[in-house]
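Residue numbers (my numbering), protein chains in the order written: chain E, -3 to 158; chain H, -3 to 158.
Think of the CB as a built atom: it goes at the ideal place given N, C-alpha and C, for glycine as much as any other residue.
The structure appears right after this line, and notes come after that.
Number of protein chains: 2
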Amino acid sequence: MNEASATAEAPGTETDVDPHREAWISIVQTHAAVTGRLQEALTGAELPPLPWFEVLATLDRAPEQRLKMGDLAEALVITRGGLTKLVDRLIKAGLLERTFCETDRRVSYATLLPAGVELLAEMRPVVRAELAAAFTANLSVAEADRLRETMDRIRGSACGTS
Amino acid sequence: MNEASATAEAPGTETDVDPHREAWISIVQTHAAVTGRLQEALTGAELPPLPWFEVLATLDRAPEQRLKMGDLAEALVITRGGLTKLVDRLIKAGLLERTFCETDRRVSYATLLPAGVELLAEMRPVVRAELAAAFTANLSVAEADRLRETMDRIRGSACGTS
DNA sequence: CTCAAATAGTTGAGCTAGAAACAATCATAG
DNA sequence: CTATGATTGTTTCTAGCTCAACTATTTGAG
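Below is the structure:
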């Protein structure tokens, strides 16, 4: 943690401590730190990596436990190309299957299988414990809601202006 | 944006809308969205990718515009191995140089060169404009400070418990 | 009806980051 | 002084992602 102490800032420089930029840096670092801990906890428990969990958890919350590839890619914020191969791996592991749409034969669904539900049940407590250590212990429910609302507001403008 | 509308949630399921988990999902998605916009803006302006900016900006804020490799890796939240090659690329582009420590010959510094300062000056307005679109337009200074404080609190517990 | 444009998903090439093994240097105990 | 262990940075290897090109299907204009 040197990013605070190292800011000695020579007198000639632009002495801007933009609070918005500071907030962004905090978001980036916190995201990396928490993601790292989640990864670490999963591999420590000899479980699959975090992206697998995110696929399983997202599908589990979807109606009929399935989602169009495009929608799933958008929810996970990765490209469609990346998702195709990620889903391939989960299918090869027997956790998902590919199903097709009768009315539009371009679309394919990623559909959760019982084995996927089972694995999700194993992974969830590990993820939940880490998240609890990071969030529940430090934020009240009201703060968490406020945080979510703030982040959604930022994301809204980040998506809309394109 | 289907993660809100799709939550029809069958009656039998665990109907847990954990606000902490919701907050985490918002952080992940917002981080990805804003990062994506930054990337896009930089490549659109025919400028180097975002990690290059982060290296340059971090070094620029450091005393004497240089940092030990380990400290820089920690500030950027990437591994040392990854940083070695990232710095290699910046050196090959003439933006940085590797300098060495007299008192401890294990350590090497990544040191900003004039060309790096110059490029940073080109990249900064682009990054700043995107950040302004996402943050300044939507958050008061007080909100930004509060957000930063909240994120730092989360990160603090995420780092300490290891 | 027909054909161009749009949309959904997959595939292949290239690149980047992480993990583990390694080399070099420093610190400390005896 | 020497040896063992800890730290710093690099290298090697691999997995996963993005980008661009491609196929297949649907939509819409004329």
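Closest residue to residue i among the options (Cα-Cα distance)
i	options	result
H/A37	H/T75, H/P121 and H/F96	H/P121
H/L135	E/E126, E/R124, E/I150 and E/V123	E/I150
H/T178	H/F131, H/T132 and H/E126	Not covered by the structure: residue 178 of chain H. The range shown for chain H is -3 to 158.
H/S104	H/L86, H/A117, H/D67 and H/K88	H/D67
H/A106	H/D100, H/L63 and H/L116	H/L63
E/P45	E/V123, E/R144, E/A130 and E/L143	E/V123
H/A29	E/W48, E/M65, E/A69 and E/A41	E/A69
H/W20	E/E18, E/L86 and E/A128	E/A128
H/S153	E/G152, E/G78 and E/R33	E/R33
Neighbour-count burial assignment, residue i, 16 or more Cβ in a 10 Å radius
i	result
E/T146	buried
E/E50	buried
E/R102	exposed
E/P59	exposed
Rounded C-alpha distance that separates residue i from residue j
i	j	result
H/R94	E/T26	29 Å
E/V137	H/G112	44 Å
E/A140	H/E98	48 Å
E/T157	E/L82	Low confidence applies to E/T157: its pLDDT is 43, below 50, so where it sits in the model is not reliable enough to give any reading.
E/L43	E/M119	7 Å
H/D148	H/K88	35 Å
H/R142	H/G90	39 Å
H/S162	H/F96	This structure leaves residue 162 of chain H out entirely; chain H is present only between -3 and 158.
E/R144	H/A130	15 Å
H/H16	E/A133	10 Å
E/W48	E/V24	22 Å
E/T80	E/L92	12 Å
E/Q61	H/A41	41 Å
H/D100	H/L108	20 Å
H/D84	E/G78	27 Å
E/L116	H/L116	44 Å
Start-to-end residues for the beta strand (DSSP E) that takes in residue i
i	result
E/S104	S104 to L108
H/F96	L92 to F96
H/L55	Run containing H/L55: none in the beta strand (DSSP E); it sits in the alpha helix (DSSP H), L46 to R57.
H/L63	R62 to K64
Host alpha helix (DSSP H) of residue i (start-end)
i	result
H/R85	R76 to K88
H/R101	Counting along the chain, H/R101 falls outside any alpha helix (DSSP H), and DSSP gives it neither H nor E.
H/T132	Unbroken run through H/T132: none, as it is neither H nor E.
H/V24	P15 to G40
Is the segment 63 to 76 of chain H touching the segment 22 to 38 of chain H, taking contact as three or more C-beta pairs under 8 Å?
no
Below 8 Å, how does it come out for the segment 54 to 64 of chain H and the segment 101 to 120 of chain H: are there three or more Cβ pairs, yes or no?
yes
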